[in-house]
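Student: One structure coming up, written as structure tokens, with questions to follow.
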Amino acid sequence: MTSFLLRISILLSMITTWHVTAAQVQKMALGDRIVVMSVPEDKKAGAEWKRILDSRKVHPNDSTAILTKHFSAAEKDWYALIASREAYWELMIDSLAVPFDNLVINKVVILAGLGGVDDAFTFGKETICFDLCVLEANYGDAKSEDNSSRIDRLFAHEMTHLFHKKCLKSADLELRTFRDSILWECIYEGLGTYRSLSKNWLPEGNALPAATSKALATLIPEFIINIESVCNADSLNANQKAGIRRSLSRGAILKKWGAFPVAIWIAVFTNNDAEKLKTVIQWGIDAPILLAIRNTQFNSTQLQNLIQCLKK
Numbered sequence: 011m012t013s014f015l016l017r018i019s020i021l022l023s024m025i026t027t028w029h030v031t032a033a034q035v036q037k038m039a040l041g042d043r044i045v046v047m048s049v050p051e052d053k054k055a056g057a058e059w060k061r062i063l064d065s066r067k068v069h070p071n072d073s074t075a076i077l078t079k080h081f082s083a084a085e086k087d088w089y090a091l092i093a094s095r096e097a098y099w100e101l102m103i104d105s106l107a108v109p110f111d112n113l114v115i116n117k118v119v120i121l122a123g124l125g126g127v128d129d130a131f132t133f134g135k136e137t138i139c140f141d142l143c144v145l146e147a148n149y150g151d152a153k154s155e156d157n158s159s160r161i162d163r164l165f166a167h168e169m170t171h172l173f174h175k176k177c178l179k180s181a182d183l184e185l186r187t188f189r190d191s192i193l194w195e196c197i198y199e200g201l202g203t204y205r206s207l208s209k210n211w212l213p214e215g216n217a218l219p220a221a222t223s224k225a226l227a228t229l230i231p232e233f234i235i236n237i238e239s240v241c242n243a244d245s246l247n248a249n250q251k252a253g254i255r256r257s258l259s260r261g262a263i264l265k266k267w268g269a270f271p272v273a274i275w276i277a278v279f280t281n282n283d284a285e286k287l288k289t290v291i292q293w294g295i296d297a298p299i300l301l302a303i304r305n306t307q308f309n310s311t312q313l314q315n316l317i318q319c320l321k322k
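Listed below in structure tokens is the structure:
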């Protein structure tokens, strides 16, 4: 009963923030689709966490210390924050599904552990992982004013990834070439980043914040060079391919030549319109190039190169 009342009590804020409709109340209030698990406290969660880290190659295969280490006080605060958002996240799921033609994911497992290198990431079809040590290192005290909204944005980012992966499978889209895989990562990470950016980066009316414009001035030329390169991937060696992939979506936000520009272009194009966001998703791996063409002034050579890339 308490869980039901909690879900109803936060519905009004969800209607404003995530465009939840009143017709969804009963369905969502009875949800219980999210399961939050602590790695040190649950053997099953610990085994799964180790398997996930092994698959990401971030620690030795025989390492078990990370599974038995207890959370520090600061990490416990982050776990408490994550656990406290469960009901709120239940209500976010359906709104995040709208641009994906309301795809259904019946269960989402939230694993909280230690020992990775990313603050949050997905695994498989239904798992979202939060690394509490990385969260504390990157964002400080979980109880700070900014971190309640930040953890919601991180969840939205990762939940969007789960929907996007399911959408990819449903569409039977094959990533057959290096070009395909890079364009996919640009839209996959760009859409996730769009969900997790704070309002400080996003358009205000028809204007971009100064910091965003400055970042794009650096990243867009890199985007163009890299996209032109991947569209002629036969001339790239393994080291060049690795260099292109390395900073597409990893590292500091201002280093992400693929994810950040695409996220901003999505924000500009959609203007919070779910139908336009659905259109972006339907463009598939062509989306990064189509968004670039729609949102940026290029010289004629650059424009022709981008158009040619669409045809490959």
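So the sequence shown is residues 11 to 322, counted in this note's numbering. We treat Cβ as the ideally placed atom computed from N, Cα and C, and that holds for glycine. Given the structure is predicted, the values throughout are model-derived calculations rather than measurements.
Measure the C-alpha to C-alpha separation of S154 and P50 and round it to an integer number of angstroms.
Tutor: Here residue 154 corresponds to residue number 144 of the sequence shown, with the count starting at 1. Here residue 50 corresponds to residue number 40 of the sequence shown, with the count starting at 1. Going by the C-alpha atoms only, they are around 25 Å apart.
Student: What distance in whole Å lies between the Cβ atoms of Y89 and L142, which are believed to be in contact at a cut-off of 8 Å?
Tutor: Here the question's residue 142 lines up with position 132 in the sequence shown. Here the question's residue 89 lines up with position 79 in the sequence shown. The Cβ separation is near 6 Å, so the contact holds.
Student: Does DSSP classify V144 as helix, strand or coil?
Tutor: Residue numbering aside, residue 144 sits at position 134 when the sequence shown is read from its first letter. It is helical.
Student: Given K288, which residues of its chain have a CB within under 8 Å of its CB, disregarding the five upstream and five downstream residues?
Tutor: Taking the first residue of the sequence shown as 1, we reach residue 288 at position 278. Contacts found: V108, P109, F110, D111.
Student: Taking the alpha helix (DSSP H) that T170 falls in, what are its first and last residues?
Tutor: Within the sequence shown, the letter at position 160 stands for residue 170. T170 -> alpha helix (DSSP H) spans 157-180.
Student: Count the other CB atoms within 10 Å of the CB of E58; is the residue buried (16 or more) or exposed (fewer)?
Tutor: Taking the sequence shown and counting its residues from 1, the one referred to as residue 58 is at position 48. E58 is buried by the Cβ-count criterion.
Student: In whole angstroms, give me the CA-to-CA distance for F270 and G200.
Tutor: Translated into the one-based positions of the sequence shown, residue 270 becomes position 260. Translated into the one-based positions of the sequence shown, residue 200 becomes position 190. Distance between the alpha carbons of F270 and G200 is about 6 Å.
Student: Alpha carbon to alpha carbon, what distance is there between V127 and S158?
Tutor: In the sequence shown, counting from the first residue as 1, residue 158 sits at position 148. In the sequence shown, counting from the first residue as 1, residue 127 sits at position 117. Taking the straight line from one Cα to the other gives about 21 Å.
Student: Thinking C-beta only, is I276 closer than 8 Å to L301?
Tutor: For this step, residue 301 is matched to residue 291 along the sequence shown. For this step, residue 276 is matched to residue 266 along the sequence shown. Contact flag set, yes.
Student: Which partner residues of I44 appear in the DSSP bridge assignment?
Tutor: Within the sequence shown, the letter at position 34 stands for residue 44. Its beta-bridge partners are V118.
Student: May I ask you to report which of helix, strand or coil DSSP gives T187?
Tutor: Taking the first residue of the sequence shown as position 1, residue 187 is located at position 177. It is coil, neither helix nor strand.
Student: Rounding to the nearest angstrom, what Cα-Cα distance links L226 and K286 in this structure?
Tutor: Along the sequence shown, read from residue 1 onward, the residue named residue 226 stands at position 216. Along the sequence shown, read from residue 1 onward, the residue named residue 286 stands at position 276. Computed Cα separation, rounded: 22 Å.
Student: Tell me the rounded alpha-carbon separation between V35 and M102.
Tutor: The residue labelled residue 35 in the question sits at position 25 within the sequence shown. The residue labelled residue 102 in the question sits at position 92 within the sequence shown. With a pLDDT of only 43 at V35, under the threshold of 50, the placement of this residue in the model should not be trusted; the figure read from the coordinates follows. Between V35 and M102, the C-alpha separation is close to 12 Å.
Student: Indicate whether the contact test is met: 3 or more Cβ pairs, each with one atom in the segment 206-223 and one in the segment 178-196, closer than 8 Å.
Tutor: Taking 8 Å as the limit for Cβ pairs, the verdict is that the segment 178-196 does not touch the segment 206-223.
Student: Which residue wins for smallest C-alpha separation from D52, given the options H80, K67, S65?
Tutor: Locating residue 52 in the sequence shown gives position 42, where the first residue counts as 1. When each option's Cα is compared against that of D52, the closest is H80.
Student: Have a look at L63 and E195 and give me their C-alpha separation to the nearest angstrom.
Tutor: For the purposes of this step, residue 63 is taken as residue 53 along the sequence shown, with counting starting at 1. For the purposes of this step, residue 195 is taken as residue 185 along the sequence shown, with counting starting at 1. Those two C-alpha atoms are separated by around 21 Å.
Student: Based on DSSP bridge pairs, tell me the residues matched to C319.
Tutor: Here residue 319 corresponds to residue number 309 of the sequence shown, with the count starting at 1. None; C319 has no bridge partner.
Student: Just to confirm, are K251 and S259 a CB contact at a threshold of 8 Å?
Tutor: Here residue 251 refers to the residue found at position 241 of the sequence shown. Here residue 259 refers to the residue found at position 249 of the sequence shown. Their beta carbons are not under 8 Å apart, which means K251 does not touch S259 by this criterion.
Student: Classify S245 as buried or exposed, calling it buried when 16 or more other Cβ atoms lie within 10 Å of its own Cβ.
Tutor: What you label residue 245 is simply residue 235 of the sequence shown in a count that begins at 1. S245 is exposed by the Cβ-count criterion.
Student: Going by beta carbon distance, what residues of the same chain come within less than 8 Å of D296, once the five residues before and after it are set aside?
Tutor: On the sequence shown, position 286 is the one that residue 296 refers to. For D296, where only same-chain residues beyond five positions count, the Cβ hits under 8 Å are L193, L320.
Student: Between which two residues does the alpha helix (DSSP H) holding F270 run?
Tutor: Along the sequence shown, one-based indexing puts residue 270 at 260. Looking at the DSSP string, the run of the alpha helix (DSSP H) that includes F270 is 269-280.
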